[in-house]
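Asks:
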Amino acid sequence: MYEIFRSDCIEWLSSCRPHSLHAVCTDPPYGLIEYSSKEINKLRNGKGGVWRIPPEFDGKRRRPLPRFSVLTLIQKKAICDYFQKWATLLMPALAPGAHVLIATNPLLQSHVYYGSISAGLEPRGTIIRLYHGFRGGDRPKGAEREFPDLCVGPRGNHEPWLLFRKPISERTVAQNIRKWGLGALRMLEGEKPLPDVIPSFKTPQKERKIVDHPSLKPQHLLRIFCRALLPKGGIVLDPFMGSGSTIAACNAVGVDSVGIEMDEAYFNMARKAIPLLSSLYPGFSGQSLHIKENEKVAIEEPEQLILLEESGNYNI
Ligand SMILES: C[S@@+](CC[C@H](N)C(=O)[O-])C[C@H]1O[C@@H](n2cnc3c(N)ncnc32)[C@H](O)[C@@H]1O
Numbered sequence: 006m007y008e009i010f011r012s013d014c015i016e017w018l019s020s021c022r023p024h025s026l027h028a029v030c031t032d033p034p035y036g037l038i039e040y041s042s043k044e045i046n047k048l049r050n051g052k053g054g055v056w057r058i059p060p061e062f063d064g065k066r067r068r069p070l071p072r073f074s075v076l077t078l079i080q081k082k083a084i085c086d087y088f089q090k091w092a093t094l095l096m097p098a099l100a101p102g103a104h105v106l107i108a109t110n111p112l113l114q115s116h117v118y119y120g121s122i123s124a125g126l127e128p129r130g131t132i133i134r135l136y137h138g139f140r141g142g143d144r145p146k147g148a149e150r151e152f153p154d155l156c157v158g159p160r161g162n163h164e165p166w167l168l169f170r171k172p173i174s175e176r177t178v179a180q181n182i183r184k185w186g187l188g189a190l191r192m193l194e195g196e197k198p199l200p201d202v203i204p205s206f207k208t209p210q211k212e213r214k215i216v217d218h219p220s221l222k223p224q225h226l227l228r229i230f231c232r233a234l235l236p237k238g239g240i241v242l243d244p245f246m247g248s249g250s251t252i253a254a255c256n257a258v259g260v261d262s263v264g265i266e267m268d269e270a271y272f273n274m275a276r277k278a279i280p281l282l283s284s285l286y287p288g289f290s291g292q293s294l295h296i297k298e299n300e301k302v303a304i305e306e307p308e309q310l311i312l313l314e315e316s317g318n319y320n321i
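Position in the sequence shown (first residue = 1) + 5 = my numbering.
#1: According to DSSP, is R213 helix, strand or coil?
#2: Output needed for R144: all residues of its chain with C-beta closer than 7 Å, excluding positions within five of it in sequence on either side, in chain order.
#3: Where do the N-terminal and C-terminal ends of the alpha helix (DSSP H) with H86 fall, by residue?
#4: Going by alpha carbons, who is nearest to T131 out of V258, G120 and V105?
#5: Are the region 39-58 and the region 120-129 in contact at 8 Å, needing three or more beta carbon pairs?
#6: Since T251 is in the alpha helix (DSSP H), which residue starts that stretch and which ends it?
#7: Let me check understanding here. Comparing Cα to Cα, which of A92, H116 and S174 lies closest to L78?
#8: When the Cα of C21 is compared with those of A98, D86 and L48, which residue comes out closest?
#9: Would you say the beta carbon of V29 comes nearer than 8 Å to a heavy atom of ligand 1?
#10: For ligand 1, is there any heavy atom lying closer than 8 Å to the beta carbon of A108?
#11: Under 8 Å by Cβ, that's how I've got Q224 and A253 pegged, so tell me the actual separation to the nearest angstrom.
#12: Is the beta carbon of E164 less than 9 Å from the beta carbon of Y136?
#13: By the three-class DSSP mapping on this structure, what secondary structure does S12 have?
#14: Would the beta-carbon of F206 be found less than 8 Å away from any heavy atom of ligand 3?
#15: Return yes when the C-beta of S19 is under 8 Å from any heavy atom of ligand 1, and no when it is not.
#16: Kindly indicate which residue of K277, L235 and D261 has the alpha-carbon position closest to the one of S248.
#17: Which of helix, strand or coil does DSSP assign to R183?
#18: Heavy atom of ligand 1 less than 8 Å from the Cβ of P280, yes or no?
#19: Report all residues from its chain with a CB closer than 6 Å to the CB of S174; omit the five preceding and five following residues, and keep chain order.
#20: Buried or exposed: V258, going by 16 or more other Cβ atoms within 10 Å of its Cβ?
#21: Using 9 Å as the threshold, is the C-beta distance between I265 and F10 below it?
#22: To which residues of the same chain is L26 closer than 6 Å at the C-beta, ignoring the five residues directly before and after it?
#23: Beta carbon of D143: closer than 8 Å to some heavy atom of ligand 1?
#24: Look up G120 in the DSSP assignment and say whether it is helix, strand or coil.
#25: Give the secondary structure of K146 by DSSP, where H, G and I count as helix, E and B as strand, and everything else as coil.
#26: Are the region 228-237 and the region 208-220 in contact at 8 Å, needing three or more beta carbon pairs?
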């Protein structure tokens, strides 16, 4: 079961019932500005702004990505303040022991992290989504021929998801689980603990054909997360729902959820996309690191797939 609302999540959280949410899984605007109406209008009109097409290095044209290296110190401080305010409003709505998982970016994660812990969320580590990214690794701009063997930063091959927990209310985690059903993560099948590195790939075409949101996350990853976050049931919130991929993942996994999206066009996309995304990969409810059976994710994007061997070694 799920409910979705078109609203600013800050307003929505301000009137949320205490202890009514049991987990958060979300992919907020990393730099805050990229989903402002000014920048989104530029993206929709093909006018650039913070959204840039990554350089072509193999003849393939890429989708626009927000460029975070342009953010000023004041804008970065605003990220920290925003997440402090956001987490302060979220805290009373969460039941004790609830986990909060927030997607971020290697350049901006410290601002999201500091804002969140300042509001009282406990840090519980970082889960790395390993995949082939297109950020970074560029030669010095305007001097690519002069410095063919230099890059100004490493090529991004991971996306950090910050994991937090609202402090437990009971003396031990076991007592908290008995009282609230919260405080721990669900293991993968075969009693394998959720690892903090998850081999992933870019969002498959199959999912992009259903919904064209610029930051669509893959069902594979989201189903693993949504299953892990709610060991004993409850409600997952995605306050920055976009096209509803987290809500679709919850639906597929059999977990209740609430999604909030501010933008009208994305909200309408989500309404249509949630049932379609959740009907993909039947039988995969995030119980393992692989989408099993005959699903074609691997075949669509062979160069992107990272295969995890039984031994724990992986090949990119
Ligand atoms: C990075 S995208 C999420 C995309 C999502 N993961 C998906 O797969 O479709 C962030 C979304 O948050 C929305 N948003 C930004 N600020 C918001 C706010 N204050 N309240 C609710 N939604 C907001 C944006 O319009 C955007 O669609």
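A virtual CB, placed ideally from N, CA and C, is assigned to each residue, including glycine.
Remember, predicted model here, so these are calculated numbers, not experimental data.
Replies: On the basis of the data shown:
#1: Within the sequence shown, residue 213 is the residue found at index 208, counting from 1. Here R213 sits in helix by DSSP.
#2: Your numbering for residue 144 matches position 139 in the sequence shown. Contacts found: F152, P153, L155 and C156.
#3: Mapped onto the sequence shown, residue 86 falls at position 81. The amino acid at residue 86 is misidentified as His; the sequence shows Asp. D86 -> alpha helix (DSSP H) spans L78 to A98.
#4: Numbered from 1 along the sequence shown, position 126 holds the residue referred to as residue 131. Selected option, being the one with the closest Cα: V105.
#5: no
#6: As a working mapping, residue 251 is identified with position 246 in the sequence shown. Start and end: S250 to V258.
#7: Here residue 78 corresponds to residue number 73 of the sequence shown, with the count starting at 1. Cα-wise, what sits closest to L78 is H116.
#8: Counting from 1 along the sequence shown, the entry for residue 21 is found at position 16. The residue with the shortest Cα to Cα distance from C21 is A98.
#9: On the sequence shown, position 24 is the one that residue 29 refers to. Residue side-chain check: V29 keeps its Cβ at 8 Å or more from all non-hydrogen atoms of ligand 1.
#10: Numbered from 1 along the sequence shown, position 103 holds the residue referred to as residue 108. Because some heavy atom of ligand 1 lies under 8 Å away, the Cβ of A108 counts as near it: yes.
#11: Indexing the sequence shown from 1 puts residue 224 at position 219. Indexing the sequence shown from 1 puts residue 253 at position 248. At roughly 7 Å, the Cβ-Cβ gap stays under 8 Å, so Q224 and A253 are in contact.
#12: Translated into the one-based positions of the sequence shown, residue 164 becomes position 159. Translated into the one-based positions of the sequence shown, residue 136 becomes position 131. It is a contact, given that the beta carbons lie within the stated cut-off.
#13: Position 7 of the sequence shown, counted from the start, is the residue given in the question as residue 12. Coil, per DSSP.
#14: The ligand content of the structure shown is limited to ligand 1, which means ligand 3 is not among them.
#15: Stepping through the sequence shown from its first residue, residue 19 is reached at position 14. Result no, Cβ not under 8 Å from ligand 1.
#16: Along the sequence shown, one-based indexing puts residue 248 at 243. S248 has its Cα closest to that of K277, out of K277, L235 and D261.
#17: Within the sequence shown, the letter at position 178 stands for residue 183. In this structure, R183 counts as helix in the three-state DSSP scheme.
#18: On the sequence shown, position 275 is the one that residue 280 refers to. No, the Cβ of P280 stays beyond 8 Å of every heavy atom of ligand 1.
#19: Here residue 174 is taken as the residue at index 169 of the sequence shown, counted from 1. The answer, listed in chain order, is P101.
#20: Here residue 258 refers to the residue found at position 253 when the sequence shown is read from its first residue. Burial call: buried.
#21: Within the sequence shown, the letter at position 260 stands for residue 265. Within the sequence shown, the letter at position 5 stands for residue 10. Yes. Within cutoff.
#22: Locating residue 26 in the sequence shown gives position 21, counting from the first residue. Result list for L26: A98, L99, I240 and L242, in chain order.
#23: Reading the sequence shown from its first residue, position 138 is the one you call residue 143. False, no ligand heavy atom lies under 8 Å from that Cβ.
#24: The residue labelled residue 120 in the question sits at position 115 within the sequence shown. DSSP places G120 in helix when its eight states are reduced to three.
#25: Here residue 146 is taken as the residue at index 141 of the sequence shown, counted from 1. Here K146 sits in coil by DSSP.
#26: The region 228-237 makes no contact with the region 208-220: fewer than 3 CB pairs, one atom from each, lie closer than 8 Å.
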